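Each number in our numbering comes from the position in the sequence shown (counting from 1) with 925 added on. Virtual Cβ for every residue (Gly too), placed ideally from N, Cα, C. Predicted model only: the values in this text are computed from it and were never measured. Take a look at the structure set out below.
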Amino acid sequence: MDGSTGTSRYEEAYGAWRADPEGYWRQAAEAIDWATPPTRIFDGEAGVYGRWFPDARLNTCFNALDRHVAAGRGAQTALIWDSPITGRSARFTYAGLLDRVARVAGALAARGVGAGDRVIIYMPMVPEAAIAMLACARLGAIHSVVFGGFAAAELSARIADAQPKAIISASCGLEPGRIVKYKPLLDAAIALSPHKPGHCLILQRPEHPCELTPGRDMDFLDAEAAATPAPCTDVAATDPLYILYTSGTTGKPKGIVRDNGGHAVALMNSMSMLYGLKAGDVMWTASDVGWVVGHSYIVYAPLLAGCTTVMYEGKPVGTPDAGAFWRVAAEHRVKVLFTAPTAIRAIRKEDPEGALLARYDLSALEALFLAGERCDPPTAEWSATLLGKPVIDHWWQTETGWSISGNFRGLGLFPNRPGSGGKPAPGYDLRALDEAGQEVPRGQIGTLAVKLPLPPSNLPTLWHADARFREAYLEAFPGYYNTSDAGMVDGDGYVWVMSRTDDIINVAGHRLSTGAMEEVLAAHPDVAECAVVGVKDSLKGQAPLGLVVLKAGTTKGEAEIAKELVAMVRDRIGPVAAFREARVVQRLPKTRSGKILRATIRKIADRESYTVPPTIDDPLILDEIADVLKQAEK
């Protein structure tokens, strides 16, 4: 289960970074092709907390495509598109992908897009989404991918903030059993925004073509076909590659900035160190290009490393069944699969014995990586037993762009500890801090924070908002980046991320982790997934409430299961947890990336007003949760 491969070189690698951080990243930078190589590795006086490779120049698209073709590997498959939702698939060689990217870059250039200009990409999981991202990078333009199907008001806010010169979109996205019409959402968003882009390129999908707006819109494929291929434009390593918006607490989205140089160096380094992959290997990251995981490990990192990347337009279950992931992994000879724990829980719920896996040959698969939410030990153990492969939980954030902690296939795996996110990656000086900013003893829960400077590819700032960046991430603990995740570092250096800091609840003066309670609930043999939130309690201040989704085929009654769950928490955490409420629900509200919306559940339970999160997968689930909680009160 632990997936260790003998002696790990992790301590040696981490020690080498600690001894000479600039030397470590200087060596990593040698794997990138530079137009102007860096002579300075880090400038501590530049930017908010310093900048990486401040005197270097490069082009990210050149590193992802051109250099592989020039090296004679143009015939290798670069991208596999697998779409069970349409019944279609496609393969693109490095040479073929380069041709299309250069032409789309030419189409953008013909419409006045150049270095430093912004382009919003609002697309489903189609190859043209990756092509559009790389085309922007080719020109030195800054792309901002907005998750396809986002509501018009949310898209409008991003248009207003980024002020794009052009938008690339599609006529529609596809979900099981329904078509999501993008064009009306796009038109409404532009109407709402004070900024109006000059051009829109629209990919017409055969499932639902749309009307184009004269004078502004152009058919994507027609524009591509008519374009002259554009060459690469070199940019400063510190110039932005992309902006990726996250929801801000003020209601205004936060534009996470990713620079070109640090991004390329860190992602290239991570492919061999973390995932153990080399040129020619197949990596499938089952995410979406609208999320940071899709940016980093569907598009950029695999191509920087010369790998073959899989882009999947489908679901873990329902397209057509809970064997979908195993089918894709087998068919494309995937070596490393990276997905979210919630996807594995969905598969486990529908196929708890793993019977569908027996249909497929997974001999090429070497490891399963999980991130997005903490993976509960029962899910990790179920996966490892079913697959007979290492299952590696690693922890990172939109802000970091790659893993803060994990296990490192390229260094030889050390033993996994289910529930832990591994050990800090070279580049991260990670501490658990108390409220006063002092480091807590090993094994105690605090706020996880990274001592500055952040390593390459971490955000240098927010888009046009240095002050907001400082306030959001740096002010709470001077000299540190505040992850806003609560957890601990144990005596052996393993990192345990228990919850967001606002999910630490105070029960009669005791600070308790909802993540620890979820771990107990998830261990019940009939529970597929769960969430624990702290709700208001007149006596204790807060009390934990557990919501559980049961596995398919469960025969026990809900009341009996709830009673068993209460007893399990009392036994494993103790009476201090005051855990007395466990309710069965059909499903949990989640974002489209699979994160459970605990804060929204808490507000529903406390009868507080709430805004439907723009990232929610299905808003109707909130009504279902409210009904269950009302019935519980009766």
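Grab me the residues of Ala-953's own chain with a C-beta within less than 6 Å of its C-beta, minus the 5 sequence neighbours each way, in chain order.
Reading the sequence shown from its first residue, position 28 is the one you call residue 953. Cβ neighbours of Ala-953 beyond the five flanking positions: Val-1190 and Asn-1194.
Which residue marks the beginning of the beta strand (DSSP E) containing Lys-1274, and which one marks its end?
Within the sequence shown, residue 1274 is the residue found at index 349, counting from 1. Not the beta strand (DSSP E): Lys-1274 falls in the alpha helix (DSSP H), residues 1266-1275.
Tell me the start and end of each unbroken alpha helix (DSSP H) in the region 1011-1039 that is at least 4 residues and wholly inside, in chain order.
Listed in chain order, the complete alpha helix (DSSP H) runs (minimum 4 residues) inside the region 1011-1039 are 1019-1035.
Identify which residue in Arg-1532, Thr-1536 and Pro-1539 has its Cα closest to the Cα of Asp-1552.
In the sequence shown, counting from the first residue as 1, residue 1552 sits at position 627. The shortest C-alpha separation from Asp-1552 is found at Arg-1532.
Take the Cβ of Glu-1079 as the centre, count every other Cβ of all protein chains shown within 10 Å, and call the residue buried at 16 or more, exposed below.
As a working note, residue 1079 is residue 154 in the sequence shown. Answer is buried; the Cβ neighbour count reaches 16.
What number of angstroms, rounded off, separates the C-alpha of Ile-1168 from the C-alpha of Ile-1092?
Against the sequence shown, residue 1168 aligns to sequence position 243. Against the sequence shown, residue 1092 aligns to sequence position 167. For Ile-1168 and Ile-1092, the distance between alpha carbons rounds to 14 Å.
Tell me the residue span of the alpha helix (DSSP H) that contains Leu-1192.
Against the sequence shown, residue 1192 aligns to sequence position 267. Run containing Leu-1192: 1185-1198, per the alpha helix (DSSP H) assignment.
Have a look at Val-1218 and Pro-1380 and give me their C-alpha separation to the nearest angstrom.
As a first step, residue 1218 must be located in the sequence shown, where it is residue number 293. As a first step, residue 1380 must be located in the sequence shown, where it is residue number 455. The alpha-carbon atoms of Val-1218 and Pro-1380 are separated by roughly 18 Å.
Is the distance from the Cβ of Ser-1081 to the Cβ of Ser-1118 below 9 Å?
Taking the first residue of the sequence shown as 1, we reach residue 1081 at position 156. Taking the first residue of the sequence shown as 1, we reach residue 1118 at position 193. In contact: Ser-1081 and Ser-1118 (Cβ atoms closer than 9 Å).
Is it right to say Asp-1318 is buried, meaning 16 or more other beta carbons lie within 10 angstroms of its own, or is it exposed?
As a working mapping, residue 1318 is identified with position 393 in the sequence shown. Its Cβ being crowded by 16 or more others within 10 Å, Asp-1318 is buried.
Using the Cβ count rule (16 or more neighbours within 10 Å means buried), how would you classify Thr-1175?
Counted from its first residue, the sequence shown places residue 1175 at position 250. The pLDDT assigned to Thr-1175 is 49, lower than 50, so where the model puts this residue is not dependable; a value taken from the coordinates is nonetheless given after this. Looking at its Cβ environment, which holds fewer than 16 other Cβ atoms inside 10 Å, Thr-1175 is exposed.
Span of the beta strand (DSSP E) holding Ala-1076?
Counting from one through the sequence shown, the residue named residue 1076 turns up at place 151. Note, Ala-1076: premise wrong, no beta strand (DSSP E); not H, not E.
Taking the C-alpha atoms as reference points, what is the distance between Arg-998 and Glu-1149?
Here residue 998 is taken as the residue at index 73 of the sequence shown, counted from 1. Here residue 1149 is taken as the residue at index 224 of the sequence shown, counted from 1. Roughly 24 Å between the two C-alpha positions.
Does DSSP put Val-1474 in a helix, in a strand, or in coil?
Translated into positions along the sequence shown, residue 1474 becomes position 549. Of the three classes helix, strand and coil, the one that applies to Val-1474 here is strand, per DSSP.
Checking 9 Å against the spacing of the C-beta atoms, do Arg-1505 and Ala-1468 come in under that value?
The residue given as residue 1505 occupies position 580 in the sequence shown. The residue given as residue 1468 occupies position 543 in the sequence shown. Their beta carbons are under 9 Å apart, which means Arg-1505 touches Ala-1468 by this criterion.
Please say whether Arg-1063 and Ala-1155 have beta carbons closer to each other than 9 Å?
Residue numbering aside, residue 1155 sits at position 230 when the sequence shown is read from its first letter. Residue numbering aside, residue 1063 sits at position 138 when the sequence shown is read from its first letter. Yes.
Spatial neighbours of Val-1414 within its chain, please: C-beta separation below 7 Å, excluding the five flanking residues on both sides.
In the sequence shown, counting from the first residue as 1, residue 1414 sits at position 489. If we look at Val-1414 and ignore the five residues flanking it on each side, its Cβ neighbours are Leu-1355, Ala-1357, Arg-1367 and Val-1420.
Using only the alpha-carbon positions, how far apart do Val-1375 and Gly-1102 sit?
Here residue 1375 corresponds to residue number 450 of the sequence shown, with the count starting at 1. Here residue 1102 corresponds to residue number 177 of the sequence shown, with the count starting at 1. Distance between the alpha carbons of Val-1375 and Gly-1102 is about 44 Å.
How big is the Cα-Cα spacing for Thr-1310 and Ala-1247?
What you label residue 1310 is simply residue 385 of the sequence shown in a count that begins at 1. What you label residue 1247 is simply residue 322 of the sequence shown in a count that begins at 1. So the alpha carbons of these two residues sit roughly 17 Å apart.
Which parts of the region 1479-1541 are runs of the beta strand (DSSP E), unbroken and 3 residues or longer, counting only runs that do not cross its ends?
Entirely contained in the region 1479-1541, the beta strand (DSSP E) runs reaching 3 residues are, in chain order, 1506-1509.
What's the gap between the Cα of Trp-1307 and the Cα of Arg-1141?
By 1-based counting over the sequence shown, the position of residue 1307 is 382. By 1-based counting over the sequence shown, the position of residue 1141 is 216. Roughly 52 Å between the two C-alpha positions.
By a C-beta neighbour count over all protein chains shown, 10 Å radius and 16 as the cutoff for buried, is Leu-1545 buried or exposed?
Reading the sequence shown from its first residue, position 620 is the one you call residue 1545. Classification of Leu-1545: exposed, given that the 10 Å Cβ count is below 16.
Would you identify the three-state DSSP class for Ser-1308, choosing helix, strand or coil?
Here residue 1308 refers to the residue found at position 383 of the sequence shown. Helix.
Between the region 984-995 and the region 1377-1393, do at least 3 Cβ pairs fall closer than 8 Å?
The region 984-995 is not in contact with the region 1377-1393.
In the structure shown, what three-state DSSP assignment does Asp-1147 receive?
One-based indexing of the sequence shown puts residue 1147 at position 222. Three-state result, Asp-1147: helix.
Can you check which of these residues, Ala-1113, Pro-1109 and Ala-1114, is closest to Glu-1136 by C-alpha distance?
Within the sequence shown, the letter at position 211 stands for residue 1136. That would be Pro-1109, whose Cα lies nearest to the Cα of Glu-1136.
Phe-987 by DSSP, collapsed to three states: which one?
Here residue 987 refers to the residue found at position 62 when the sequence shown is read from its first residue. Note: Phe-987 maps to helix in three-state DSSP.
Smallest Cα separation from Ala-1035: which of Leu-1126, Asp-1301 and Pro-1351?
Looking up residue 1035 in the sequence shown gives position 110. If we check each option's Cα against that of Ala-1035, Leu-1126 comes out closest.
Looking at Met-1236 and Ala-1055, is the spacing between their C-beta atoms short of 9 Å?
For this step, residue 1055 is matched to residue 130 along the sequence shown. For this step, residue 1236 is matched to residue 311 along the sequence shown. Result yes, Cβ atoms of Ala-1055 and Met-1236 sit closer than 9 Å.
Tell me the rounded alpha-carbon separation between Trp-977 and Glu-1324.
Start at 1 with the first residue of the sequence shown, and residue 977 comes out as number 52. Start at 1 with the first residue of the sequence shown, and residue 1324 comes out as number 399. Between Trp-977 and Glu-1324, the C-alpha separation is close to 16 Å.
Do Leu-1554 and Pro-1538 have their CB atoms nearer than 9 Å?
Counted from its first residue, the sequence shown places residue 1554 at position 629. Counted from its first residue, the sequence shown places residue 1538 at position 613. Cβ distance not < 9 Å, so Leu-1554 and Pro-1538 don't count as in contact.
Whose CA, out of Asp-1042, Arg-1028 and Ala-1076, lies closest to the CA of Ala-1060?
Looking up residue 1060 in the sequence shown gives position 135. With distances taken between Cα atoms, Ala-1060 lies closest to Arg-1028.
With distance defined between alpha-carbon atoms, name the residue in Ser-1014, Phe-1145, Ile-1010 and Gln-1088 nearest to Glu-1053.
Start at 1 with the first residue of the sequence shown, and residue 1053 comes out as number 128. The shortest C-alpha separation from Glu-1053 is found at Phe-1145.
Bridge partners of Tyr-1107, per DSSP?
Reading the sequence shown from its first residue, position 182 is the one you call residue 1107. Tyr-1107 is not bridged to any residue.
Between which two residues does the alpha helix (DSSP H) containing Glu-937 stretch?
Here residue 937 refers to the residue found at position 12 of the sequence shown. Residues 935-944.
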